[in-house]
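>
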Amino acid sequence: MKAAVTSLDLSHFRSHKRAALSLDGRPVALYGPNGAGKTNLIEAVSLLSPGRGMRRAGAEEIARRPERLGWKVWAAVEAEGAPHEIETRAEAGQTRSVRIDGKAVPQVALARVLRVLWLVPSMDRLWIEAAEGRRRFLDRAVMSFEPGHAEAALDYEKAMRERNRLLKDGVRDAHWYAALEGRMAQAGEAISIARRAAIARLVAAQGEAETAFPAADLALGYPDETPEEAEGLRAAFAAMRPRDMAAGRTLIGPHRADLDAVWRAKGVAARDASTGEQKALLISLILANARALAAEGGAPPVLLLDEVAAHLDSRRRAALYDEICALGLQAFMTGTEPGLFEDLGERAQRFEVTETGGESQVGETT
Amino acid sequence: MSEDREAIDRLIELMARLPGLGPRSARRAVLHLVKKRGTLLAPLAEAMTEVGATARECLNCGNVGTGDICAICDDERRATGQICVVEDVADLWAMERSGVFKGRYHVLGGTLSALDAVGPEELRIPRLLDRVKSEAVSEVILALGATIDGQTTAHYIADQLPGVSVTSLAQGVPVGGELDYLDDGTISAALRARRTL
Chain R
1 MKAAVTSLDL
11 SHFRSHKRAA
21 LSLDGRPVAL
31 YGPNGAGKTN
41 LIEAVSLLSP
51 GRGMRRAGAE
61 EIARRPERLG
71 WKVWAAVEAE
81 GAPHEIETRA
91 EAGQTRSVRI
101 DGKAVPQVAL
111 ARVLRVLWLV
121 PSMDRLWIEA
131 AEGRRRFLDR
141 AVMSFEPGHA
151 EAALDYEKAM
161 RERNRLLKDG
171 VRDAHWYAAL
181 EGRMAQAGEA
191 ISIARRAAIA
201 RLVAAQGEAE
211 TAFPAADLAL
221 GYPDETPEEA
231 EGLRAAFAAM
241 RPRDMAAGRT
251 LIGPHRADLD
261 AVWRAKGVAA
271 RDASTGEQKA
281 LLISLILANA
291 RALAAEGGAP
301 PVLLLDEVAA
311 HLDSRRRAAL
321 YDEICALGLQ
331 AFMTGTEPGL
341 FEDLGERAQR
351 FEVTETGGES
361 QVGETT
Chain L
1 MSEDREAIDR
11 LIELMARLPG
21 LGPRSARRAV
31 LHLVKKRGTL
41 LAPLAEAMTE
51 VGATARECLN
61 CGNVGTGDIC
71 AICDDERRAT
81 GQICVVEDVA
91 DLWAMERSGV
101 FKGRYHVLGG
111 TLSALDAVGP
121 EELRIPRLLD
131 RVKSEAVSEV
141 ILALGATIDG
151 QTTAHYIADQ
161 LPGVSVTSLA
171 QGVPVGGELD
181 YLDDGTISAA
191 LRARRTL
């Protein structure tokens, strides 16, 4: 089973006034000087999944300047043996809308068509920075296994925002809290179950594989004691009301979860490993994610690897390419030099990205 | 010339504010009215004036009528001990069209939303709790939307009515509907609420 973007059209998307890529499912190497617009291309692919994409940008930020007309990404994708057309766009001053096969759908519907996973330079510090980044990384993996996760997360988020508003406004209506907390507890349980299942699958997929990347033991943790099943969570929310009210927000729950990783072979926590090893660990997890999906006969994810090749030694780089090709993944990779992708040979499509007068050009090269 | 049209333009502008109408359809409607001044426009204006002068919300349940107490609340035969709670007057009228429910209603006028600053006070919930006591109510039927906010509101109300039977409408396959056309959520709700034949 394959999953790939087969055509990608950008219109007024950041530095690209127009760009059209015709793709055949092989990995995609994008090279060109800094600031040419390589990352913008893969950011467009990241918007074929729910959320704000790999830069976490608002719709307004993405519009090409100086026109600021709004933007559009159109893609033809092949997923689970069926072709789909995805269009996502935002008119000036509006939020982004999504159409799948010509029908307007909510953003979360994207998770059911294409799984997209990414690694970007800002994630280099993922293991040492705040839990939020790790949680988001985990949730993207969870969503690839369990598309319904996006809906549960949204449901939880929405109820929590309401509850936080009550806390901030000093509302003391216990019944109102109970109604919202019931919803949060129910969605929270679904979130935790999906997260634990995803972690188990990642760990299993790492254990079985022949890979040049280090395997990690993963665990779900919380800053404070947090029950995961609905009844316990509901009681905990109720008990926390006074403290939450003093803080003006919800202090415990799945929204505070953290992903802990320990490098299995060395017994070292990920945050204590070297910068290079930390990155290798992330690559390992993304590959394990792809492997787990492939093993279950589902559609593998599309990978977006921004500036990843340049930070690996040549042995690991070659190993990464081999594993991507062995899994039959469409990985979009960026780098400043075409030489970085030499090892891929005929196994990849290559595009040169250049920029003149603030406008990016993309051309396929051989 | 433009001065003569001022009143008509104002009418078009007002009509365009109605739900379901835009500037184009408002223009069409007004032109039609002007053409049928005698048979439609004048009676319409008269009816509007009358409704404008007499329409009000029922002090008891929030239904719209022409008296302080609506016809349903005024009808002793409808004191069955059942109150059906709905979000809007439109929902009440939909229930009434079906003609199946013989009790009384309570219109909330929306759903709880902390973010939109809609609290229990804005929703006539305290009034509902009073009514449950004063009207000897034995069952409260929550006929709220199957939306997230609707369900939060339902839980909120149910939580405050211990000792009274609180029920909600079933969710599932619509009458005359085919399974094929249902979304996953509806099918799973229908399966959970299955019953023995």
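Going down the list, the protein sequences come from chains R and L.
Position 94 (the first sequence) corresponds to 94 in full-length UniProt numbering; numbering is contiguous.
Position 154 (the second sequence) corresponds to 154 in full-length UniProt numbering; numbering is contiguous.
For each residue, glycine too, the CB sits at the ideal point set by N, CA and C.
(1) Hey, does R:G232 have any beta-carbon neighbour from chain L nearer than 8 Å?
(2) Verify the CB distance criterion: does L:L44 have a CB-CB separation below 8 Å to chain R?
(3) Could you give the C-beta distance for R:A187 and R:A159, rounded to a whole number, given that I count them as a contact under 8 Å?
(4) Spell out a yes or no on whether the region 150-165 of chain R and the region 277-290 of chain R are touching, meaning 3 or more CB-CB pairs, one atom from each, closer than 8 Å.
(5) Taking the alpha helix (DSSP H) that L:K36 belongs to, which residues open and close that run?
(6) Tell me the DSSP secondary structure of L:M1 in three-state form.
(7) Grab the span of the beta strand (DSSP E) containing R:K17 for me, first residue to last.
(8) Kindly list the residues whose CB is nearer than 6 Å to the CB of L:S165, restricted to its own chain and excluding five residues on each side of it in sequence; keep chain order.
(9) What does DSSP give as the partner residues of R:G221 in its beta bridges?
(10) For L:T152, go through chain R and note every residue whose CB falls closer than 9 Å to its CB, in chain order.
(11) Return the chain-ordered ranges of every beta strand (DSSP E) run that is complete within the region 54-100 of chain R and spans a minimum of 3 residues.
(12) Which complete alpha helix (DSSP H) runs does the UniProt domain "Toprim" (81-174) of chain L hold, if anything under 4 residues is left out?
(13) What separation, rounded to the nearest whole angstrom, lies between the Cα atoms of L:G176 and L:M95?
(14) In terms of alpha-carbon separation, which member of R:E352, R:R165, R:T356 lies closest to R:E337?
(15) So, is R:N34 buried or exposed, given that buried needs 16 or more other C-beta atoms within 10 angstroms?
(16) If we call anything under 8 Å between Cβ atoms a contact, is R:E67 one with R:H16?
(17) Mind checking whether R:A230 and R:A185 have CB atoms under 8 Å apart?
(18) Which of the three DSSP states is assigned to R:V28 in this structure?
(19) Please go through the same chain and pick out, in chain order, the residues whose beta-carbon is closer than 7 Å to the beta-carbon of L:M1, but skip the five residues on each side of it.
(20) For chain R, check one thing: does any of its Cβ atoms lie closer than 8 Å to the Cβ of L:L112?
(21) Does the contact criterion of 3 or more C-beta pairs under 8 Å hold for the region 114-126 of chain R versus the region 280-299 of chain R?
(22) Could you check whether the Cβ of R:R271 sits closer than 8 Å to any Cβ belonging to chain B?
(23) Can you check whether the CB of R:I86 is closer than 8 Å to the CB of R:F332?
(24) List the endpoints of the continuous beta strand (DSSP E) containing R:A4.
(25) Do you know offhand how far R:A111's Cα is from R:G170's?
(26) Which value, in whole angstroms, describes the spacing of the CA atoms of R:L329 and R:A3?
(27) Are the beta-carbon atoms belonging to R:T354 and R:A20 less than 8 Å from one another?
(28) Going along chain R in order, which residues have a C-beta closer than 8 Å to the C-beta of L:L182?
(29) Okay, do the region 201-214 of chain R and the region 153-164 of chain L touch, 3+ Cβ pairs below 8 Å being the bar?
(30) Do three or more CB pairs link the region 133-143 of chain R to the region 222-240 of chain R at distances below 8 Å?
(31) Considering only residues of the region 272-342 of chain R, which uninterrupted beta strand (DSSP E) runs meet the minimum length of 3 residues and lie entirely inside it, listed in chain order?
(32) Rounding to the nearest angstrom, what Cα-Cα distance links R:S144 and R:S49 in this structure?
(33) How far does the alpha helix (DSSP H) with R:E43 in it reach, from first residue to last?
(34) Using a beta-carbon distance below 8 Å, is R:L166 in contact with chain L?
Looking at the atomic coordinates:
(1) Chain L has no Cβ within less than 8 Å of the Cβ of R:G232.
(2) For L:L44, the answer is no, since every Cβ of chain R falls outside 8 Å of its Cβ.
(3) With a Cβ gap of about 7 Å, R:A187 and R:A159 count as contacting.
(4) Under the 8 Å Cβ criterion, the region 150-165 of chain R does not count as touching the region 277-290 of chain R, having fewer than three qualifying pairs.
(5) Looking at the DSSP string, L:K36 is not in any alpha helix (DSSP H), and its letter there is neither H nor E.
(6) The predicted position of L:M1 is uncertain, since its pLDDT is 47 and thus under 50; no value can be drawn from it.
(7) Residue range 16-22 is occupied by the beta strand (DSSP E) that includes R:K17.
(8) Within its own chain, the residues whose Cβ lies closer than 6 Å to the Cβ of L:S165, once the five positions on either side in sequence are excluded, are E139, listed in chain order.
(9) DSSP, once it has assigned bridges, lists R:D258 as partnering R:G221.
(10) Listed by position along chain R, the residues whose Cβ is nearer than 9 Å to that of L:T152 are A159, E162, W176, A179, L180, G182, R183.
(11) 70-79, 82-91, 97-100, all fully within the region 54-100 of chain R.
(12) Listed in chain order, they are 89-98, 125-134, 148-159.
(13) Taking the straight line joining both Cα atoms gives about 18 Å.
(14) Among R:E352, R:R165, R:T356, the Cα nearest to that of R:E337 belongs to R:E352.
(15) By the 10 Å Cβ count, R:N34 comes out exposed.
(16) Using a Cβ distance threshold of 8 Å, R:E67 and R:H16 do not count as a contacting pair.
(17) Yes, Cβ-Cβ distance for R:A230 and R:A185 is below 8 Å.
(18) R:V28 falls in the strand class under three-state DSSP.
(19) Low per-residue confidence applies at L:M1: pLDDT is 47, beneath 50, and the placement is therefore not dependable, though the value from the model is reported in the following sentence. Excluding residues within five positions, none has a Cβ falling inside 7 Å.
(20) Yes - at least one Cβ of chain R is within 8 Å of the one on L:L112.
(21) Yes, the region 114-126 of chain R touches the region 280-299 of chain R.
(22) Although the question refers to chain B, the structure presented lacks it and instead comprises the protein chains R and L.
(23) The answer is no: Cβ separation not under 8 Å.
(24) Annotation for R:A4: the continuous beta strand (DSSP E) segment containing it runs 3-13.
(25) Just so you know, the alpha carbons of R:A111 and R:G170 end up roughly 37 Å apart.
(26) So the alpha carbons of these two residues sit roughly 7 Å apart.
(27) Cβ atoms of R:T354 and R:A20: not closer than 8 Å.
(28) Among the residues of chain R, none has a CB under 8 Å from the CB of L:L182; the nearest is roughly 17 Å distant.
(29) No: the two stretches stay apart, fewer than three of their Cβ pairs being nearer than 8 Å.
(30) Result no; under three Cβ-Cβ pairs closer than 8 Å.
(31) Uninterrupted beta strand (DSSP E) stretches at least 3 residues long and entirely within the region 272-342 of chain R occur at 302-305, 331-335, given in chain order.
(32) Between R:S144 and R:S49, the C-alpha separation is close to 10 Å.
(33) Under the DSSP assignment, R:E43 falls in the alpha helix (DSSP H) whose first and last residues are 38-46.
(34) Among the residues facing chain L, R:L166 is included, as its CB has a counterpart in that chain under 8 Å away.
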